[in-house]
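Data first, discussion second: the structure below is written as structure tokens.
2 protein chains.
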Amino acid sequence: MAASPSESETLLTPSEVAALFRVDPKTVTRWAKSGKLSSIRTLGGHRRYHEVEVRDLLNGIPVQGTVD
Amino acid sequence: MAASPSESETLLTPSEVAALFRVDPKTVTRWAKSGKLSSIRTLGGHRRYHEVEVRDLLNGIPVQGTVD
DNA sequence: ACATAGTAGGGTAATTAGGGTA
DNA sequence: AGTGTCCTAATTACCCTACTAT
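In the order they appear, the protein sequences are chains A and B.
All residue numbers for the first sequence refer to the numbering used here, where the first residue is 7 and numbers rise by one.
All residue numbers for the second sequence refer to the numbering used here, where the first residue is 7 and numbers rise by one.
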């Protein structure tokens with residue numbers, strides 16, 4: 007049985023994603039707001055990103071249907 | 007086991023690469039478009055270059071199979 | 001409750017992409 | 001063929017203060 011993909015996923019902080027792309031953390035936030043990158047919100051409002059999605063993006067694999 | 011080369015690599019901005027080669031950033035872009043230099047893209051379309059590859063090129067070590 | 005580091009938010013300057021040209 | 005420069009539009013970086021994460 008396949009569990010929901012939303013669970014058991016390693017989450018990355020904005021600064022970690024920023025380091026992988028060599029951009030500013032604010033830029034990653036901008037990507038999330040634009041819907042270019044899906045994001046989870048902590049109860050305090052901070053964003054967390056799926057590692058698998060980020061790594062796919064780094065490898066040039068486009069991801070679809072991701073709205074913040 | 008060889009992991010994806012896109013991971014765990016320090017990336018350089020176009021201007022940083024340009025400074026290392028003492029050329030205009032536009033020239034670095036042309037190298038990437040020609041496939042002479044591999045590059046990844048930010049979600050906004052800006053290019054980032056692998057530092058190790060740039061270092062090798064600076065040392066006269068040719069790199070193969072790099073298509074923009 | 002306190003301290004440190006990271007993040008959200010808004011606003012402004014600096015880079016970059018892309019085409020065309022010298 | 002290869003590089004530098006000019007242009008506009010888009011993207012990204014840095015400034016700040018307040019709030020969250022640990």
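Ideal Cβ positions, reconstructed from N, Cα and C, are used throughout, including at glycine.
Spatial distance of residue i from residue j (CA atoms)
{"i": "A/Gly50", "j": "A/Thr35", "result": "15 Å"}
{"i": "B/Leu43", "j": "B/Arg54", "result": "11 Å"}
{"i": "A/Pro20", "j": "B/Ser40", "result": "33 Å"}
{"i": "A/Phe27", "j": "B/Thr48", "result": "6 Å"}
{"i": "B/Thr16", "j": "A/Val29", "result": "11 Å"}
{"i": "A/Val23", "j": "B/Glu59", "result": "22 Å"}
{"i": "B/Val66", "j": "B/Thr33", "result": "It is Gly, not Val, that sits at residue 66 of chain B in the sequence shown. Taking the straight line from one Cα to the other gives about 18 Å."}
{"i": "A/His52", "j": "A/Ala38", "result": "12 Å"}
Counterpart residues of residue i in DSSP-defined beta bridges
{"i": "B/Ile67", "result": "Per DSSP, none; premise fails for B/Ile67."}
Option nearest residue i by Cα separation, candidates the options
{"i": "B/Ile46", "options": "A/Asp62, A/Gly41, A/Pro20, A/Glu15", "result": "A/Asp62"}
{"i": "B/Leu18", "options": "A/Ala25, A/Glu15, A/Thr16", "result": "A/Ala25"}
Residue i (DSSP reduced to helix, strand or coil)
{"i": "A/Arg54", "result": "strand"}
{"i": "A/Ser45", "result": "coil"}
Any non-hydrogen atom of the ligand COA closer than 8 Å to residue i Cβ
{"i": "B/Leu64", "result": "This structure lacks the ligand COA; in fact it carries no ligand of any kind."}
Chain A contact for residue i (CB, 9 Å cutoff)
{"i": "B/Thr3", "result": "This structure does not reach residue 3 of chain B, given that chain B is present from 7 up to 74, and the question cannot be answered."}
{"i": "B/Leu17", "result": "yes"}
Any C-beta of chain B under 9 Å from that of residue i
{"i": "A/Val29", "result": "yes"}
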